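Structure first, then comments.
2 protein chains.
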Amino acid sequence: MNIRLIRTYLVDLYKLGAGTRYIRSPTNELAMFFGVSQQSASRIINELYKLEYIDKRYVERTLWIRITEKGLSEIEDYIKYINDAYSHPGEFIFEGYVTTGLGEGAYYMSRRGYILQFEKYLGFTPYPGTLNVKLNNPYYISQNRLLRRLSGYHIKGFRTKERVFGDVWAFKAKINDSEDGAVIYAERSIYGFEMLEVIAPIYLRGKLSLSDGDLIKIVVYLNK
Amino acid sequence: MNIRLIRTYLVDLYKLGAGTRYIRSPTNELAMFFGVSQQSASRIINELYKLEYIDKRYVERTLWIRITEKGLSEIEDYIKYINDAYSHPGEFIFEGYVTTGLGEGAYYMSRRGYILQFEKYLGFTPYPGTLNVKLNNPYYISQNRLLRRLSGYHIKGFRTKERVFGDVWAFKAKINDSEDGAVIYAERSIYGFEMLEVIAPIYLRGKLSLSDGDLIKIVVYLNK
DNA sequence: ATTACTAGGGAGCGAGTAT
DNA sequence: TATACTCGCTCCCTAGTAA
């Protein structure tokens, strides 16, 4: 079953009280609550059970169900996403920790082929270096995966005599609610979704007095 | 398209910022965000457009979309429901205004055939009369429609020489956070979903000093 | 009374591709 | 480039009905 449908049915079951204990759930009654037929309610329940989102028991042939831990965390993530969508449309908010990367950012950020495009699309000349932000929270990591799928500004790659420089995508961002900058995604990034690479016109570590391990907030704008 | 799916796609579009203005939305990018193919994203957008949940424009063959008023109110209702489900599982909360009904409640509530069953299932002898609560808020009315689909305690109808008394369904409830009672649904109710009928072991108007037009809060329990 | 199997139809999906 | 058509497949739905 489609994960989008799964989430909505889980929320309905939660509303009925199945998040904290087994509740009596005759399929014809669930059907009316779901807005589907009795047969579909039965099928839905059995699919949720197979996927381990709910547990079920029968008392005198009548169904009693309870949402599992897996189901509860699915619901929580979903509600978090929904509320985040509603309160922060057009933005992705991250919190993470300042980390020392491999130091290759300074090299890339000082390539003229990139600099001209950053100036054109972002409106600033990047300080030669990137600030690496480690995301520890699974929710932020999943949000980063989602954001990565959007394209943002397309900074085209180029080649020199020595080597090939890949494409980069950039989103404008604000760091610690004060400094303008951008989050960049390199075509062939060596980091996974648990890392954000941040650039800015200034030396962020200096301006914001940042050291490794400091908590930092990044707000990424989709439409700026 | 299934309303459950519609809601989730609308929330995704809202997250992208389409709630406040037209946003550039190439279908291949939407597809990645939705987690579907480019073709499906195109189809989804066109269905949402036909159903008037979104408006769309093309700028140099590229899609720009914006959520309509109808779409926004669908999102708002959905988010309200989701948060209500999460913060009040197993409960339906209503607010409405004390109203004078047709006075037939007293007659029904004094029928011995009903009284014995109320005592058995609800644990109290109902005061001979019902308190009618008018729901003005559309959200409460839709919640009442949803609640009505669940069965609650089944108070069986009966017949006397004179006439037939239909089935009634009851849910335990708390009135104004203090008085125990129940909400009842008559099989053939003369009221629509904008009215709640409340019973209690005491004369609620007296105990709570209620007059017509007073705001009253009813919490209905699904599993008590 | 309640669950859930089966069958048939229709909705939703992605690949290929026209424009 | 982009959107969106057709097509075949799968998923999802309900009615009928067995257990």
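Protein chains in written order, with the working numbering: chain A, 1 to 224; chain B, 225 to 448. Every residue, glycine too, gets a C-beta built ideally from N, C-alpha and C. Keep in mind it's a predicted model, so treat the numbers as computed, not measured.
Bounding residues of the alpha helix (DSSP H) (the contiguous stretch that carries residue i)
{"i": "A/Met109", "result": "Gly105 to Met109"}
{"i": "B/Met256", "result": "Thr251 to Phe258"}
{"i": "B/Ala309", "result": "Glu293 to Ser311"}
{"i": "B/Ala265", "result": "Gln262 to Lys274"}
{"i": "B/Lys380", "result": "No alpha helix (DSSP H) holds B/Lys380; DSSP gives it neither H nor E."}
{"i": "B/Tyr282", "result": "Looking at the DSSP string, B/Tyr282 is not in any alpha helix (DSSP H); the run it does join, the beta strand (DSSP E), is Ile278 to Val283."}
{"i": "B/Lys448", "result": "Looking at the DSSP string, B/Lys448 is not in any alpha helix (DSSP H), and its letter there is neither H nor E."}
{"i": "B/Gly430", "result": "Leu428 to Lys431"}
{"i": "A/Pro138", "result": "Pro138 to Arg148"}
{"i": "A/Lys161", "result": "Where A/Lys161 is concerned, there is no enclosing alpha helix (DSSP H), given that its DSSP letter is neither H nor E."}
{"i": "B/Leu217", "result": "Here chain B comprises residues numbered 225 to 448, so residue 217 of chain B is not present and cannot be evaluated."}
Neighbouring residues, chain A, relative to residue i (Cβ below 8 Å)
{"i": "B/Leu370", "result": "Phe33"}
{"i": "B/Ala309", "result": "Val11, Asp12, Tyr14 and Lys15"}
Beta-carbon proximity list for residue i, same chain, < 7 Å, skipping 5 on both sides
{"i": "A/Arg21", "result": "Arg66"}
{"i": "A/Gly19", "result": "Ile67 and Leu72"}
Sequence-distant residues of the same chain with beta carbon closer than 8 Å to residue i, five excluded per side
{"i": "B/Phe389", "result": "Tyr332, Arg335, Gly337, Tyr338, Gly381, Phe382 and Arg383"}
{"i": "A/Thr1", "result": "Per the sequence presented here, residue 1 of chain A reads as Met, with Thr not at that position. Once the five neighbours on either side are set aside, the close Cβ partners of A/Met1 are Ile44, Glu47, Leu48 and Leu51."}
{"i": "B/Asn252", "result": "Gln262 and Ala265"}
{"i": "A/Lys217", "result": "Ile93, Phe94, Glu95, Ile175, Asn176 and Asp177"}
{"i": "A/Asn136", "result": "Gly96, Tyr97 and Glu194"}
{"i": "B/Lys304", "result": "Tyr363"}
Chain-ordered neighbours of residue i on chain B, where CB pairs are closer than 9 Å
{"i": "A/Thr20", "result": "Pro313 and Gly314"}
{"i": "A/Ile141", "result": "Those within 9 Å of A/Ile141 in chain B number zero; the least Cβ separation is about 16 Å."}
{"i": "A/Ile218", "result": "The premise fails here: A/Ile218 is roughly 17 Å from chain B at the closest Cβ pair, so nothing lies under 9 Å."}
Range covered by the beta strand (DSSP E) that runs through residue i
{"i": "B/Asn356", "result": "Leu355 to Lys358"}
{"i": "A/Gly96", "result": "Glu91 to Thr99"}
{"i": "B/Gly470", "result": "The structure shown has nothing for residue 470 of chain B, since chain B only spans 225 to 448."}
{"i": "B/Leu229", "result": "It is not in any beta strand (DSSP E) - B/Leu229 instead sits in the alpha helix (DSSP H) that spans Ile227 to Lys239."}
{"i": "B/Phe395", "result": "Val392 to Ile399"}
{"i": "B/Ile414", "result": "Run containing B/Ile414: none; DSSP gives neither H nor E here."}
Cβ-heavy atom distance, residue i to the ligand PLP, below 8 Å
{"i": "A/Leu10", "result": "Among the components modelled here there is no ligand, and therefore nothing to report on the ligand PLP."}
Per-residue contacts from residue i into chain B (C-beta, under 7 Å)
{"i": "A/Leu222", "result": "Leu240 and Gly241"}
{"i": "A/Glu37", "result": "This sequence places Ser at residue 37 of chain A; Glu is not what is there. None at all; the shortest Cβ gap to chain B is about 13 Å."}
Partners in chain B for residue i, counting only beta-carbon separations shorter than 8 Å
{"i": "A/Thr8", "result": "Arg228, Arg231 and Thr232"}
Where residue i meets chain A, residues with beta-carbon distance less than 7 Å
{"i": "B/Ser375", "result": "Glu29"}
{"i": "B/Ile247", "result": "Asn223"}
Neighbourhood of residue i by C-beta, 6 Å cutoff - its chain only, sequence neighbours within 5 removed
{"i": "B/Glu411", "result": "Gly390 and Asp391"}
{"i": "B/Leu254", "result": "Ala265"}
{"i": "B/Lys396", "result": "Ala406, Tyr445 and Lys448"}
{"i": "A/Arg24", "result": "Trp64"}
{"i": "A/Gly17", "result": "Ile23"}
{"i": "B/Pro176", "result": "This structure does not reach residue 176 of chain B, given that chain B is present from 225 up to 448, and the question cannot be answered."}
Chain A residues whose Cβ lies nearer than 9 Å to that of residue i
{"i": "B/Ile278", "result": "Under the 9 Å cutoff, chain A gives no residues; its nearest Cβ is about 14 Å from B/Ile278."}
Contact the segment 8–19 of chain A vs the segment 28–43 of chain A: 3+ CB pairs below 8 Å: yes
Any 3 or more C-beta pairs closer than 8 Å across the segment 277–284 of chain B and the segment 212–220 of chain A: no
Stretch pair the segment 394–407 of chain B + the segment 346–355 of chain B: three plus CB contacts closer than 8 Å: yes
At least three beta-carbon pairs within less than 8 Å, the segment 36–53 of chain A to the segment 87–99 of chain A: no
Selection of the segment 184–200 of chain A by Cβ proximity to chain B, strictly under 7 Å: none
Segment contact flag, the segment 136–145 of chain A with the segment 200–211 of chain A, C-beta cutoff 8 Å, min 3 pairs: no
Interfacial residues, the segment 290–309 of chain B to chain A, with Cβ spacing under 9 Å: Ile299, Glu300, Tyr302, Ile303, Tyr305, Ile306, Asn307, Asp308 and Ala309
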